[in-house]
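Residue numbers (our numbering): 194 to 348.
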């Protein structure tokens with residue numbers, strides 16, 4: 194039996210952690226990707242949390258710029274409902290304390306829309322105040338040329 198999910202490449206971006214300041218996810222390459230989804234899971238939010246995605250020129254990165262993207266927010270945990278696809282500007286998506294507790298945010302990046310010379314992306318999670326936020330994030334990449342063991346996206 195073939196692994197039907199085998200063409201999806203899952204890369205951890207931010208370990209499950211409590212943050213009180215901006216947390217940069219790992220930089221991931223998109224130049225071999227057909228599409229990239231960034232999934233952000235949040236626990237109980239005391240301050241608001243802003244999710245932004247930056248395009249980067251390399252894995253360091255030496256230069257990065259916030260980009261617009263599309264996203265969907267789930268309902269609370271223990272449901273399988275998800276909201277409509279919504280456009281986010283370069284300012285990102287703001288999750289509101291208490292209203293957006295325990296949700297999943299699915300962010301969609303089109304690698305073809307990245308600026309030339311900026312083939313990498315990074316998720317950035319920023320709490321509005323120095324109060325703890327529980328977060329985790331991962332990249333789900335659909336490679337242009339799927340392999341049983343995908344090539345590293347972290348290079």
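Note that CB positions come from ideal geometry on N, CA and C, so glycine has one too.
Beta-carbon proximity check, residue i vs residue j, cutoff 8 angstroms
i, j, result
"residue 207", "residue 330", "yes"
"residue 135", "residue 317", "Nothing in the structure corresponds to residue 135, since the chain is present only between 194 and 348."
"residue 229", "residue 313", "no"
"residue 335", "residue 201", "yes"
Counted within 10 angstroms of its Cβ, other Cβ atoms place residue i as buried (16 or more) or exposed
i, result
"residue 315", "buried"
"residue 218", "buried"
"residue 302", "buried"
"residue 323", "exposed"
"residue 213", "exposed"
"residue 355", "Here the chain comprises residues numbered 194 to 348, so residue 355 is not present and cannot be evaluated."
For residue j and residue i, the rounded distance between their alpha carbons
i, j, result
"residue 280", "residue 258", "17 angstroms"
"residue 203", "residue 319", "23 angstroms"
"residue 216", "residue 321", "12 angstroms"
"residue 242", "residue 304", "25 angstroms"
"residue 264", "residue 285", "10 angstroms"
"residue 221", "residue 256", "14 angstroms"
"residue 294", "residue 269", "7 angstroms"
"residue 226", "residue 310", "15 angstroms"
"residue 299", "residue 249", "20 angstroms"
Where residue i sits in the DSSP three-state scheme
i, result
"residue 312", "coil"
"residue 280", "strand"
"residue 261", "coil"
"residue 305", "helix"
"residue 337", "coil"
Any chance the segment 288-298 sits against the segment 230-249, with 3 or more Cβ pairs inside 8 angstroms? The segment 288-298 is in contact with the segment 230-249.
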